[in-house]
Amino acid sequence: MQHYINKHSELFAENLLAAHNSQSTETKIKLEGSGAETIEALFLGTRGGNAKFMLELMGFALQGNIDFRKNYFPEDPDYINEDIQKSQGFKETMLFMGYEYDKLIKQLQESGTFFSMRTIGHMLWDTTLPGMLGYFAALMYNQNNVAAEASPVTTLLEMYVGNELCKMLGYTVFPIGQNESDFKAPDDVIYAWGHITCDGSVANLEGLWMARNLKFYARSVKEALLKEAVFVNAKGFQVQLLNGSTVPLVSLDDWAIVNLPIDEVLAIPNNLSSQYNIDLTTVSNTIANYTVQNIGYHDMLSKYLPGITATPVSICTSTRHYSWPKGAAILGIGANNMWPIIVDINARMDLTQLRVALDKCLQNKIPVLNVVAIIGTTEESQVDPIKDILAIRDEYRQKGLEFAIHADAAWGGYYKTMLNSNDDSDPVTFKLMEEDAIVALPMSKYVSDQYKVLQKADSITIDPHKSGYVPYPAGGLCYRNSAMRNLVSFTAPVVYHGGVDPTVGVYGVEGSKPGAAAAAVYFSHKVIRPNMDGYGKISGECFFNAKRLYAALVCLNIEKLPFFVVPLIPIPAIQQGQSPAQIQQQYEFIRDRIVNVSNQQLLADPQAFALFKELGGDQTIITYMYNYYNSDGTPNSIMKKVNDLNDAVYRAFSFKPYENNTQNTPIVVTSSSFTRENNGDLLVNNLRQRLCVAGNDGYDDPINFIISTVMNPWLSNTVNGSFIPQLINILTENIKQIVTTVKAQP
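Counting from 37, one number per residue, gives the positions in the sequence shown under the working numbering.
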């Protein structure tokens, strides 16, 4: 430590040396790092204000790598010396590198300005300092987390991160590095397991892959029991059914065997091994010869399951990410066999339609691989009612239908930190905040209720590189039951007790992957704890700012402007079907008590804050549309003109490759569209009515909309006050001009 400090300036030297030499000081720093962070210290800053600190810490990392190189068998020769560095060729090479590097740096300055207050479009903002520093430090070692021998440090970091993500989401974990003699695990506790993927798409693919393999695993075991000599004495092996009865596995018909309880299926290898004294590796390798993983989807269905005449399906909300049908295609399930469930008027999964789909599966004996609940849709910002979906599964289990539940929380997973207590003393799981503390959150009661049951999902996708603010690539997948990972491995499963696993690389889709990604998440979590005082504080500020921006946008509707705004989620008075006078009154209340007040005044106004919490979507994405007024003051009633207007707004406020327009883009938004096929008649008809285009204008689909994503914790609280009024003014003045142009077009 002293060696590093002597090579750098005074910014960190005194405190680091004191921490290194004093146990009490080190303990104090650890305690402060668990909850007393100033979040302004956690990012580089809109103007790079924390650059000197970042440079200092990057210098530590570079020097550490240099010392590491020097100290590894120091008697070995080098290929560089001063004579080589003084040679003409060396100098010219360095000059050329510097020249081209300067050009690259200038090219990169046309990149998306995702550090800016004006960037409110994509699920992408600035990254945390610890995330960047962790990535940079590990990048120089170029570790490959495909195998532990290629990443002896970053594999352990990934295991730690996997535990952190699982705990954060509510799962129970076995503490990394704990031996069974040190940590007495209850026999009835199921421990989770998680790992880093390159992104949420791969995590979703892996979750679907696991669900597919899980559905057929018991049938593979039955075939092995009937045919393999090693199981000659195990033909009476029994399993428990959904109704609680116990029967020999080999006696089950095709429908019953694909609807065994999930944890019962996952326990089969260990139960066979322990009950019949057969080596676990032998059990697993023998069964593997009959799994869908090895014999293929066609043979599994045609040879082993002749009683199942319908193709198995996965069920997901129609607002799903495109990676889901893509994953179904890759796995041979078929994109058409990923059934979309249309949404309700709030763009959440319509539970009535889910029941219709499950009834169809039950009546026609169609196996259900999984049901996917989206915890934060990427365009609508909505949270599916996973609490009710879990309850529905319990109902259908009583009818003999079993399926996994996957929570796609790629975007919304980190918002769980708003509910996690800052009591980080338990190495197994985070505690939820007390109910009275939750009242003060900017999260609605509906949303918090869904997060409280998230740990009951069988698998969860989460992306640290989204609302975890970590550099790409850093997706993640967590399994409620650690045995699930064995279903997507091509090696024999091991009994996992949280010790040093041979690798994390054999579990999942990817081969080579950067250890730097694990280091980035690891260090970001070390500094910014995944609880209410760390990431929860950042997330809470973003929720707060998203609702403030939403309030300012909808209040444009009571200004005398040539256009009006239709948010996907209207203000509560409209949702409740109140009268025009009451709606106007609520708009005025929002303007006077929420928009035109300071943050402190809003927080001190219980009535206003109660309404504030219920405004807008479930998370921090605002989905909205514009329409304009005709010269006679009536709303435009032509749907195509609405789309032209919103498309023009998007084009004015988006970056375009090859046009070098970054510096000229005053605000950044993005866009998408609703259609009847994807979203259903209920939502589309409601939007058309609120847009005042409900008549027969000869134009039906699509409905183009604008997306603003708030990932900036300081949008309403910069050093100069709120930036939201400036954003609204920029939007208003530009849209006035766009309206004039669109109205003049034929």
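Glycine included, every Cβ here is placed at the ideal spot set by N, Cα and C.
Report task. With DSSP collapsed to three states, give me the class of Leu390. Result -> helix
Query raised in the report: Which same chain residues, not among the five before or five after Tyr171, have their C-beta less than 6 Å away from its C-beta?
Result: Pro507, Ala552, Ala556
**Report entry** Cβ pair Pro297, Gln274 closer than 8 Å
**Finding:** Not closer than 8 Å, so no.
**Report entry** Tyr227, enclosing beta strand (DSSP E) - first and last residue
**Finding:** No beta strand (DSSP E) contains Tyr227, which DSSP labels as neither H nor E.
**Report entry** Assigned secondary structure, Phe79 (DSSP; H/G/I helix, E/B strand, else coil)
**Finding:** strand
**Report entry** Which of helix, strand or coil DSSP assigns to Glu68
**Finding:** Caution applies to Glu68, whose pLDDT of 46 falls short of 50 and renders its modelled position unreliable; the value that the coordinates give is listed next. Helix, per DSSP.
Query raised in the report: For Gln276, which three-state DSSP category applies?
Result: In the three-state reduction of the DSSP assignment, Gln276 falls in the strand class.
**Report entry** Residue span of the beta strand (DSSP E) that contains Phe600, given as start and end
**Finding:** Unbroken beta strand (DSSP E) run through Phe600: 599-603.
Query raised in the report: Given Asp290, which residues of its chain have a CB within under 6 Å of its CB, disregarding the five upstream and five downstream residues?
Result: Beyond the five residues adjoining it in sequence on each side, Asp290 comes within less than 6 Å, by CB distance, of Leu341, Gly343, Ile344 in the same chain, given in chain order.
Query raised in the report: Touch check for the stretch 701-717 and the stretch 142-154: three-plus C-beta pairs under 8 Å?
Result: Judged by Cβ distances under 8 Å, the stretch 701-717 makes contact with the stretch 142-154, as three or more pairs qualify.
Query - DSSP beta-bridge partners of Ser615 - result: In the DSSP output, where bridge partners are listed per residue, Ser615 has none listed.
Query raised in the report: Which two residues bound the contiguous alpha helix (DSSP H) that contains Ile197?
Result: According to the sequence as given, residue 197 is Val; it is not Ile. Taken as a continuous stretch (DSSP letters only), the alpha helix (DSSP H) holding Val197 covers 190-205.
Requested in this report: Please check the pair Asn679 and Asn740, which I expect to be a contact at CB under 8 Å, by giving their CB distance rounded to whole angstroms.
Outcome: 4 Å
Query raised in the report: Do you know offhand how far Leu604's Cα is from Gly653's?
Result: 8 Å
Report task. Round the Cβ separation of Arg384 and Pro421 to the nearest angstrom and send it over; I've been treating them as touching at under 8 Å. Result -> With a Cβ gap of about 6 Å, Arg384 and Pro421 count as contacting.
Report task. Excluding the 5 residues preceding and the 5 following Val379 in the sequence, name in chain order all residues of the same chain whose CB lies nearer than 7 Å to its CB. Result -> Thr353, Ser354, Thr355, Met385, Asp386, Asn715, Gly716, Leu719
Requested in this report: State the Cα-Cα distance for the pair Val294 and Glu577, rounded to the nearest angstrom.
Outcome: 46 Å
Query raised in the report: Is Met675 helix, strand or coil when you go by DSSP?
Result: helix
Query raised in the report: Between the beta-carbon of Val407 and the beta-carbon of Cys397, is there less than 8 Å?
Result: no
Report task. Would you mind stating whether Trp161 and Asn748 have Cβ atoms separated by less than 8 Å? Result -> yes
Query raised in the report: Per DSSP, what kind of secondary structure is Ala303 in: helix, strand or coil?
Result: coil
Query raised in the report: Going by beta carbon distance, what residues of the same chain come within less than 7 Å of Gly363, once the five residues before and after it are set aside?
Result: Asn240, Leu241, Leu244
Query - Beta-carbon proximity of Asn593 to Tyr623, cut-off 8 Å - result: yes
Query raised in the report: CB Glu200 to CB Pro566, shorter than 8 Å?
Result: Yes, the pair counts as a contact, with Cβ atoms nearer than the cut-off.
Query raised in the report: Are the beta-carbon atoms of Asp494 and Ile441 separated by less than 8 Å?
Result: yes
Query raised in the report: Does the Cβ of Asn789 have 16 or more other Cβ atoms within 10 Å, making it buried, or fewer, making it exposed?
Result: Residue 789 lies beyond the residue range present for the chain, which begins at 37 and ends at 782; the question has no answer from this structure.
Report task. Measure the beta-carbon distance from Cys234 to Glu546 and round it to whole angstroms, keeping in mind my assumption that it falls under 8 Å. Result -> 6 Å
Query - 8 Å Cβ shell around Val283 - same chain, five flanking residues per side excluded - result: Within the same chain, and ignoring the five residues on either side of Val283 in sequence, the residues whose Cβ sits closer than 8 Å to its Cβ are Gln274, Val275, Leu277.
**Report entry** Residues of its chain near Met168, where Cβ-Cβ distance is below 8 Å and the 5 sequence neighbours each way are ignored
**Finding:** Leu80, Met90, Pro507, Ala556
Requested in this report: Could you tell me the boundaries of the alpha helix (DSSP H) in which Trp375 lies?
Outcome: No alpha helix (DSSP H) contains Trp375, which is instead part of the beta strand (DSSP E) from 374-377.
**Report entry** For Gly84 and Gly497, the rounded distance between their alpha carbons
**Finding:** Per the sequence shown, residue 497 should be read as Thr rather than Gly. Those two C-alpha atoms are separated by around 32 Å.
Requested in this report: Following the continuous alpha helix (DSSP H) through Ala427, name the residue where it begins and the one where it ends.
Outcome: 422-434
**Report entry** C-alpha gap between Lys43 and Lys106, whole angstroms
**Finding:** Since pLDDT at Lys43 reaches only 46, below the 50 mark, its modelled position is unreliable, and no value is offered.
Query raised in the report: Given 8 Å as the limit, is there contact between the stretch 468-482 and the stretch 577-592, that is, 3 or more CB pairs closer than that?
Result: By the Cβ test, the stretch 468-482 is in contact with the stretch 577-592, since at least three Cβ pairs between them sit closer than 8 Å.
Requested in this report: Take Leu394 as the anchor and find which of Ile369, Val349, Gly368 has the nearest alpha-carbon.
Outcome: Closest by alpha carbon: Val349.
Requested in this report: Within the stretch 539-563, note down every full alpha helix (DSSP H) run reaching 4 residues or more, in order along the chain.
Outcome: Within the stretch 539-563, the complete alpha helix (DSSP H) runs of at least 4 residues are 551-563.
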